[in-house]
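Written out below as structure tokens is the structure these notes cover.
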Amino acid sequence: MGIIRKVPHYAEKIPGGGIITTALETVLHQAQAKSLWYLLFGTACCAIELMCTGASRYDFDRLGMIYRATPRQSDLIIVAGTITKKMAPRLRRLYDQMAEPRYVIAMGGCTISGGPFYYDSYAVEKGIDHIIPVDIYIPGCPPRPESLLEGCIHLQEKIKKQKLSDWQEK
Amino acid sequence: MTKDELKDYVSSHFDGKLTPLDTGRYDPMFQVKSEDLMEVARALKADENLQFDYLCNLAGVDTKEHFEAVYSIASISNNLRLDFKVILPYDKAEIESVQEVWPGINWYEREIWELYGINVLNHGNLKRFLLPDDWDQGHPMRKDWDAPDFERMPEF
Amino acid sequence: MTGNPVLFIELHGLFRWLYEKLLATGLSQTWVDIITYTALGLVIFALLALVALFLVWWERKISAHVQQRFGPMRHGWHGWYQTIMDAIKLLQKEDILVDTRDRLVFFWAPVICFVAAFSVYVVMPWGKGLIVADLNIGILYIMAVTTFAVISLLMAGWGSNNKYALLGGMRSAAQMVSYEVPLVASVLVVVIFVGSLSMVDIVKAQSGLVFNWYIFRLPFGPIAFLTYITAATAEANRTPFDIPEAEQELVAGYNVEYSGMKFAMFFLAEFVNLFTVSAIAVTLFLGGWNGWGFIPSWLWFLGKTLVIVLLLMLFRWTYPRLRVDQLMEFAWKFLVPVTFTNLVVAGVFRYLGWYW
Amino acid sequence: MAELRTEEFVVNMGPQHPSTHGVARLMLTMDGEKIVKIEPVIGYLHRAIEKVCENRTYAQCIPIMDRFEYVTAMSCSYAFSLAAEKLAGIEVPERAEYLRVIMLELNRIASHLIFYGVTAMDIGAVTPFLYGLRERELIVDLFEMTCGQRLTYSYNRIGGVSRDIPKEFIPKTREAIKIIGAKLSDYEGLLNKNPIWLARTKGIGVLSKETAIAYGVSGPVLRASGVQYDTRRNDPYSIYDRFDFDIPVRYHGDCYDRYLLRLDEIRQSIRIITQALDGLPEGEIRAKVLPNFKPPPGEVYSRIENSRGEMGIYMLSDGSKKPLRVKARGSSYNHFEALPEFGTDMLIADIVATFATLDIIVPEIDR
């Protein structure tokens, strides 16, 4: 884990350490929330909406989110599009390759429960939360860029409310 | 040449190998026996005032009684369109690969092999490519196919 | 306090005043040198870290406005503390060590890249008298140090145990080496006219009127300036020469496997290189800190450098990327002949005295 | 000098790669930078659309068909309803035909704008991607005004269209195509004569006429190789024979021609839309079709020209309210199959440029 993340454990032991941890907590989580770099990952129709959200009209960069090509440098993976049975192990590996404080946004009906392909399709995974732990679900097929941006803002709120202690068991 | 002229020309010419059917709703539809498929394919491409050199589509069909392989072909130079099908009984579902007439049919044949189980003779690389590599539940597009987690849409 | 207020705006008066205070404490000369150089090193490091953070934010805003979008807006007025947030976030990332046999190569690559980028500023003249150490081999030292980046990219490419990184590393080595030649050749044109390698002498030779700047020293100056800028964009790995980390082809080139602070080091080093390249361009061709009016000299230097940085940033957001072999061909078949003829003709004219 | 023992290594331009437009995968066997063998791997987006359609009534199939090719979703639902209309012999009213043509051509422009942006980004210029998508937002507003959705419209119904256009649709469309027509000159100014762009695209990835026809390649890729074949002209459907527009064709078959051809096609689409808007008649927008629509038994392979090439739907009905078999044929399937034919002994940067100009989209391959 990053060196800075060991500091809270020692800070709690010294007297008055609580103030330091809460102060540190807000700084760390504010920074995490304010600069979420999302992985360039899109499989189906939601990927086109993800592109439009990244383009000039609904700009992701306003929230400080830029796209990174490699999972190593990204801390948010927006699963945009249908995940088929053949793609599921790839998605799991991509998630494992990401560095630790990582978050997942499940965008679109297919990632929540298989969407329009829930019935009668032998090759579609019914939702991705049994593959990777999901933080934010965004319904819609494909969801509008506004709802994707709202999902990201909800994720930022969620990160800010996090406690330092609950990083460990994630 | 119009669709009817094409229909008469084809049914009269290839010494009866292409028997016209009336199920085609837009373009002329023929039926071919599976053993002289290769010869018909070569003739259709070589015939000078037909020149069917462009492959539109090969569709595998499971009509609950037998398999069908429906070839849709077109001619770029003469602006013609033609469909013909090969009826394959369930027990002997084998078809000749017509790759050397239309090289683009390689993946289509591979697909009907993978999804329907129609065996394609001397095809070259009949490998699995649409379904996951560890797929062991048979050929999913068949009507009688079923799997434990395969849910049908309820009738409402 | 001695010295008139203008001197303090000039800043070097401030440093000399501090130096006299330090001498007054009666330490031996060696201790005084150690303290001054560490203090200057810290000042330069802090200044460059600030400049790099500013450049990252500036590039995101410029690219946003070029592409008709907003860029960081929500964090501070126009997102001014966005890059600080990025830096703090990168501090917290998990430090992923790739399971490769040469773990040291993987670990030390970003460090060398970082050190190479920062050690150039020993000889960089920020303003009148504002220089860490005025070496008499100034520009030669810079050319030597910038080639360290090649080694670090190769190490990153090899150490990451990843095919894309290896390709990125190999490409960067080929590119940096082959663009070093025209870079040095175009720099030598200026050195011929100045007659000395020291950066301060180069800037002093361009003092006085604007027409003394080497960019106006027809016909060699403009040619040398243009070839310098082209070779410099290749040195700083920026489009249209950014093939080492070409996102579309090699996923992220040599920094595929780097995350957290290691990636931050590469990222910061890249922007410091960008600032270095434009600072050298300003010192050589645009008369370093020379300027008229009451604006202090270091402000002139910063202003001119940011103009060149803006030019390089606009390159990145307008041009497509060259292919590897076209890039090599362009370097060896076009840039090298042009710069060498320019150099020889400049030398002959200098010897015959036919320059104004 | 001792023979340098070089070894080829296999690189995965894998399912997750910035320039594979989704989840296509290319296994490249490379000798240094030069590509020796390409082995395409598909199936990462195989959603079994055909199996799903077999258990849906004809009306329910339309939203599923929209997901078949979501960048030009209008053309998929149109191809499906055209096939159903041919099966049942339904006569579509005039106004519906005009509305369909307007929507199809608008969708073609939107798809070509995405092509322009993504190809430029794959060859390194990131800014045109933003310009292309900025113009596309104009068209997406028009679709949102009529169909309510930005991407998968489900606008067509069997026998006509689902909704009539609102009042301000026509003036807004005229304004949109005027802006796009003007912006095209900016796009061309940015890239067409840029020496780096020419160096990266001229003479790269040349597809000869014979391999194109042999592999069933269609659409702008075929027309860039010198074959003037467009389903709207050679196998006319709907009312395309009433409009005068020409089919642009180029003869080198390299990336540059494929790129230029799509910009010409945007101009032709603008011409069609202006003529269709002028001639838009009044009248109802849907033929009388019973809710549980049961076409008589029969089969048909109907094909239309969408922005990527020839899209065909083979439909077999046995008289019940659910199609017995629906086979959707996308043009990217043949393009991706033909890629190893003309894609070897190239550098990795060229395969990225060629892949981009083929405008391959993964759901058409995997279905």
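Residue numbers (this note's numbering), protein chains in the order written: chain Z, 348 to 517; chain G, 3 to 158; chain W, -11 to 344; chain P, 49 to 415.
In this text, a Cβ means the ideal position worked out from N, Cα and C, and glycines have one as well.
Predicted model, so just to flag it, every value in this text is computed and none were measured.
Would you say P91 of chain G faces chain P, with C-beta separation under 8 angstroms as the test?
-> Interface criterion not met: the Cβ of P91 of chain G is under 8 angstroms from no Cβ in chain P.
Using a C-beta to C-beta distance shorter than 9 angstroms, which residues of chain B count as neighbours of T200 of chain P?
-> In the structure shown, chain B cannot be found, because the protein chains are Z, G, W and P.
Per-residue burial, G59 of chain W [other beta carbons within 10 Å of its own, 16 or more giving buried] = When all chains shown are included, G59 of chain W counts as buried.
Backbone secondary structure at G196 of chain P - three-state DSSP = Correct three-state label for G196 of chain P: coil.
8 angstroms Cβ cutoff met for I120 of chain G and S36 of chain G = At the C-beta level, I120 of chain G and S36 of chain G stay beyond 8 angstroms of one another.
Measure the C-alpha to C-alpha separation of T329 of chain W and L214 of chain W and round it to an integer number of angstroms.
-> Spanning the two alpha carbons is a distance of roughly 14 angstroms.
Express the C-alpha separation of M249 of chain W and T77 of chain P in angstroms, rounding to a whole number.
-> Roughly 34 angstroms separates the two Cα atoms.
Euclidean distance between Cα positions of T264 of chain W and G115 of chain W | Whole-angstrom Cα-Cα distance: 15 angstroms.
Please check the pair A401 of chain P and I162 of chain P, which I expect to be a contact at CB under 8 angstroms, by giving their CB distance rounded to whole angstroms.
-> No, A401 of chain P and I162 of chain P are not in contact; Cβ-Cβ is about 17 angstroms, not under 8 angstroms.
Partner residues on chain G for N103 of chain P, Cβ-Cβ distance less than 9 angstroms | Simply R154 and M155.
For Y450 of chain Z and M412 of chain Z, believed in contact at Cβ under 8 angstroms, the rounded distance | About 11 angstroms separates the CB atoms of M412 of chain Z and Y450 of chain Z; that is not less than 8 angstroms, and the two are not in contact.
By Cβ distance below 7 angstroms, which residues in the same chain neighbour V103 of chain G in space, the five residues on each side in sequence not counted?
-> The beta carbon of V103 of chain G lies closer than 7 angstroms to those of A43, R44 and K47 in the same chain, with the five residues before and after it left out.
Beta-carbon contacts of L255 of chain P that lie in its chain and below 6 angstroms, excluding the five residues immediately before and after | For L255 of chain P, where only same-chain residues beyond five positions count, the Cβ hits under 6 angstroms are S273, G301 and F390.
Please check if any C-beta of chain Z sits within less than 8 angstroms of the C-beta of P232 of chain W.
-> By this cut-off, P232 of chain W is not an interface position.
In the structure shown, what three-state DSSP assignment does Q444 of chain Z receive?
-> In the structure shown, Q444 of chain Z sits in a helix (DSSP, three-state: H, G or I).
Within 7 angstroms of chain P by C-beta, residues of the stretch 291 to 311 of chain W in sequence order = Residues of the stretch 291 to 311 of chain W that bring their beta carbon within less than 7 angstroms of a beta carbon in chain P comprise W305, T306, Y307, P308, R309, L310 and R311, in sequence order.
So what does Y414 of chain Z bridge to, in DSSP terms?
-> DSSP lists Z:Y385 as the beta-bridge partner residues of Y414 of chain Z.
For E183 of chain P, collect the residues of the same chain with a Cβ closer than 6 angstroms to its Cβ; drop the 5 residues on either side in sequence, then sort them by chain order.
-> Within the same chain, and ignoring the five residues on either side of E183 of chain P in sequence, the residues whose Cβ sits closer than 6 angstroms to its Cβ are L161, I228 and K231.
CA-CA distance, I283 of chain W and A27 of chain W?
-> When rounded, the distance between both Cα atoms is 26 angstroms.
Short-range partners of chain P found in the stretch 36 to 64 of chain W, where Cβ spacing is below 8 angstroms | Close to chain P, meaning a Cβ-Cβ distance shorter than 8 angstroms, are the following residues of the stretch 36 to 64 of chain W: S51, V54, Q55, Q56 and R57.
Identified DSSP bridge partners for V188 of chain W = Under DSSP, V188 of chain W takes part in no beta bridge, so it has no partner.
Pick from P:V119, P:E236, P:C101 and P:I187: whose alpha carbon is nearest that of L309 of chain P?
-> Of the listed residues, the one whose Cα sits closest to L309 of chain P is P:E236.
Closer than 9 angstroms at the beta carbon, the chain G residues around I295 of chain P = Per Cβ cutoff of 9 angstroms: no residues; I295 of chain P is ~13 angstroms from chain G at best.
Is DSSP giving D85 of chain G helix, strand or coil here?
-> In the structure shown, D85 of chain G falls within a strand segment according to DSSP collapsed to helix, strand and coil.
Please list, in chain order, all residues of the same chain as V239 of chain W whose beta carbon is under 7 angstroms from its beta carbon, the five residues on each side excluded.
-> Y152, listed in sequence order.
Kindly indicate which three-state DSSP category L74 of chain P falls into: helix, strand or coil?
-> Looking at L74 of chain P - three-state DSSP - the assignment turns out to be strand.
So which of P:S202, P:D398, P:E81 and P:K134 has the shortest CA-CA distance to Y349 of chain P?
-> For the residues P:S202, P:D398, P:E81 and P:K134, the minimum Cα distance to Y349 of chain P belongs to P:K134.
Check whether the Cβ of V89 of chain P lies closer than 8 angstroms to any Cβ atom in chain G.
-> Chain G places a beta carbon closer than 8 angstroms to that of V89 of chain P, counting this residue as a contact.
7 angstroms Cβ cut-off: residues of chain Z touching A149 of chain G | Within chain Z, the residues near A149 of chain G are Y469.
Does the beta carbon of V239 of chain W sit closer than 8 angstroms to a beta carbon anywhere in chain Z?
-> It does; some Cβ of chain Z falls within 8 angstroms.
Return the CA-CA distance between T13 of chain W and L206 of chain W, expressed in angstroms with no decimal places.
-> Distance between the alpha carbons of T13 of chain W and L206 of chain W is about 52 angstroms.
Report yes or no: is there a C-beta of chain P within less than 8 angstroms of the C-beta of S382 of chain Z?
-> False, the Cβ-Cβ gap to chain P never drops below 8 angstroms.
Confirm, please, whether the CB-CB distance from F86 of chain G to V34 of chain G is below 8 angstroms.
-> The answer is yes: Cβ separation under 8 angstroms.
Since S166 of chain W and W320 of chain W are thought to touch, with beta carbons under 8 angstroms apart, how far apart are those beta carbons, to the nearest angstrom?
-> 6 angstroms between Cβ atoms; contact.
Straight-line CA distance for I459 of chain Z to P486 of chain Z?
-> The straight-line gap from Cα to Cα measures roughly 7 angstroms.
Please go through the same chain and pick out, in chain order, the residues whose beta-carbon is closer than 6 angstroms to the beta-carbon of K517 of chain Z, but skip the five residues on each side of it.
-> Here K517 of chain Z scores only 46 on pLDDT, less than 50, and its place in the model should not be relied on; the value that follows carries that caveat. Apart from sequence neighbours up to five positions away, no residue of its chain approaches K517 of chain Z with a beta-carbon distance below 6 angstroms.
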